[in-house]
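Colleague: I'd like to ask you about the structure that follows.
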Amino acid sequence: MSASPAAIPIGRVSAAAYTIPTDAPESDGTLEWSSTTIVVVHASAAGRVGVGYSYTHAAAAHLIIDTLAPLVTGRDALDIESAYVVMMQHVRNIGRQGLAATAISAVDAALWDLKARLLDVSLVALVGAARDAIPVYGSGGFTSYTEPQLVDQLGGWVASGIHAVKMKIGRDAAADRARVHLARTTIGDAQLFVDANGAYDRTLALAQADAFAHDAVVWFEEPVSSDDLDGLRLIRDRAPAGMDIAAGEYGFEPQYFQRMLDAGAVDVLQADATRCGGPTGFLRAAAICDAAGLPLSSHTAPSLHAHLCCAASCARHLEYFHDHIRIERQLFDGVLEPVGGALRPDRSRPGLGIEFKQRDAERYAA
Ligand SMILES: [Mg+2]
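Okay, structure coming up:
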């Protein structure tokens, strides 16, 4: 592809991985972890530097340095779509989904941030805003938490003005019901979401849905495996009125989201720009939701999704995830804080509005 006469060639593209310990042991219905790795990408052009990131394995940084950076360097920084397409094509034989998609996502985010900085506009203004702010829901409530930890976290979010919270379930069906009831008594009239991370089978998921309805649970995420589209559809059809079935966080490409919607599997689609191809891929997911007439909710990575959810008219809310709130505050300046339960991108700052704190990050270098 030939560059336009006013092309601004992309210069250096770098990547590095940082592993940050959690503040307590964490688990959900199907996974336990004690640290989180973030891969941070910087891309430069005409004296500006864009930053992007993905929560993934450190190997993604190697993939970026060895394989993706040479593809992107020298391209016009204004033509992000061409970089996205060539990256997606190039990883065909190593597997486009998974690790490669997270690497592409981080580069794509850096390119969007770079373009916005070159034009001296915020990312939400570059894409085009649909709204000024996006409601968030507090997300944590790990199955590893004690009851006091659960109460402190969920209650703290509601006390700060956040109107919805999500907790993990899926380790012990009876304990799940008791903890959901405890959460309900803690948060008053706030909305309560649960996420089983695919831990239940169909029969148990249906029984739990009926039980959770007594505590006014309005969101049941991955009641069964996201790979069981027929199962999700079954739960969706039989779930109590007013309880949304949600999934989509493992979508690495637009076709995944299309299949999920074609199966009638969800009431709300989730997408994660750090996995599904950066802002470019996230906006494709939003277009698929628009076509289907379904709402979209972003998965984790709040600093990235605040802008994208304000640009996507189908976005309902943003996941304000405990681990990533901590990490983004530690590693970036300019991180947004919820006001009145919503994140409002600062349009006076170019791009994502965040600056990487290299010196603070060094001790976490992976
Ligand atoms: Mg989830």
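Letter by letter, the sequence shown follows residues 1404 to 1769 of our numbering.
C-beta: ideal position from N, C-alpha, C; glycine also.
Keep in mind it's a predicted model, so treat the numbers as computed, not measured.
My output table needs one value for K1760: the three-state DSSP class, helix, strand or coil.
Modeller: Counting from 1 along the sequence shown, the entry for residue 1760 is found at position 357. Reduced to three states, the DSSP call for K1760 is coil.
Colleague: Quick one: what does DSSP say T1653 is sitting in, helix, strand or coil?
Modeller: Position 250 of the sequence shown, counted from the start, is the residue given in the question as residue 1653. One point to set straight first is that residue 1653 is Tyr, not Thr, in the sequence displayed. Coil.
Colleague: Where S1485 and A1509 are concerned, what is the direct C-alpha to C-alpha distance, given to the nearest angstrom?
Modeller: In the sequence shown, counting from the first residue as 1, residue 1485 sits at position 82. In the sequence shown, counting from the first residue as 1, residue 1509 sits at position 106. Spanning the two alpha carbons is a distance of roughly 16 angstroms.
Colleague: Any chance the CB of D1726 is under 7 angstroms from a heavy atom of ligand 1?
Modeller: Taking the first residue of the sequence shown as position 1, residue 1726 is located at position 323. No; taking the cut-off as 7 angstroms, the Cβ of D1726 has no heavy atom of ligand 1 nearer than that.
Colleague: For the alpha helix (DSSP H) that contains L1734, what are its first and last residues?
Modeller: As a first step, residue 1734 must be located in the sequence shown, where it is residue number 331. Residues 1725-1734.
Colleague: Is DSSP giving F1596 helix, strand or coil here?
Modeller: On the sequence shown, position 193 is the one that residue 1596 refers to. Looking at F1596 - three-state DSSP - the assignment turns out to be strand.
Colleague: Cβ of N1496 versus every heavy atom of ligand 1: is any distance shorter than 7 angstroms?
Modeller: Taking the first residue of the sequence shown as position 1, residue 1496 is located at position 93. Flag unset: Cβ of N1496 not near ligand 1.
Colleague: Among E1765, A1709, Y1723, which has the Cα closest to the Cα of D1535?
Modeller: For the purposes of this step, residue 1535 is taken as residue 132 along the sequence shown, with counting starting at 1. Minimum Cα distance to D1535 is reached at A1709.
Colleague: Starting from D1633, follow the alpha helix (DSSP H) in both directions and report where the run begins and ends.
Modeller: In the sequence shown, residue 1633 corresponds to position 230, counting from 1. Note, D1633: alpha helix (DSSP H), 1632-1641.
Colleague: Just to be sure I understand the criterion: a residue counts if its Cβ is closer than 6 angstroms to at least one heavy atom of ligand 1. Which residues meet that?
Modeller: Result (chain order): D1598, N1600, E1624, E1625, E1652.
Colleague: Which value, in whole angstroms, describes the spacing of the CA atoms of V1443 and A1513?
Modeller: In the sequence shown, counting from the first residue as 1, residue 1443 sits at position 40. In the sequence shown, counting from the first residue as 1, residue 1513 sits at position 110. For V1443 and A1513, the distance between alpha carbons rounds to 9 angstroms.
Colleague: Ordered along the chain, which non-local residues of its own chain (more than five positions away) have a Cβ less than 7 angstroms from that of R1451?
Modeller: Translated into the one-based positions of the sequence shown, residue 1451 becomes position 48. Result list for R1451: L1517, R1520, L1521, in chain order.
Colleague: Can you check whether the C-beta of E1625 is within less than 8 angstroms of a C-beta belonging to chain D?
Modeller: Protein chain content of the structure displayed is limited to a single chain, and chain D is not contained in it.
Colleague: Which residue's Cα is closest to the Cα of D1511: G1453, D1618, T1703, A1608?
Modeller: Counted from its first residue, the sequence shown places residue 1511 at position 108. The residue with the shortest Cα to Cα distance from D1511 is G1453.
Colleague: Taking S1629 as the reference, give the member of A1614, A1650, V1621, V1620 with the closest Cα.
Modeller: As a first step, residue 1629 is located in the sequence shown; it is residue number 226 there, counting from the start. Of the listed residues, the one whose Cα sits closest to S1629 is A1650.
Colleague: On the CB-based measure, 16 or more other CB atoms within 10 Å of its CB, does H1725 come out buried or exposed?
Modeller: In the sequence shown, counting from the first residue as 1, residue 1725 sits at position 322. Counting Cβ neighbours within 10 Å, H1725 comes out buried, since at least 16 surround it.
Colleague: Does I1507 come out as helix, strand or coil in the three-state DSSP assignment?
Modeller: Taking the sequence shown and counting its residues from 1, the one referred to as residue 1507 is at position 104. Reduced to three states, the DSSP call for I1507 is helix.
Colleague: Taking H1584 as the reference, give the member of R1605, I1565, Q1611 with the closest Cα.
Modeller: The residue you call residue 1584 lines up with position 181 of the sequence shown. Comparing Cα-Cα distances from H1584 to each of R1605, I1565, Q1611, the minimum goes to Q1611.
Colleague: Nearest CA to the CA of V1669: which residue from G1743, D1482, T1549, R1639?
Modeller: For this step, residue 1669 is matched to residue 266 along the sequence shown. When only C-alpha atoms are compared, the closest one is R1639.
Colleague: Out of I1572, V1539, R1750, T1683, state which residue places its alpha-carbon closest to the alpha-carbon of Y1548.
Modeller: On the sequence shown, residue 1548 is found 145 positions in, with the first residue counted as 1. The option with the nearest alpha carbon to Y1548 is I1572.
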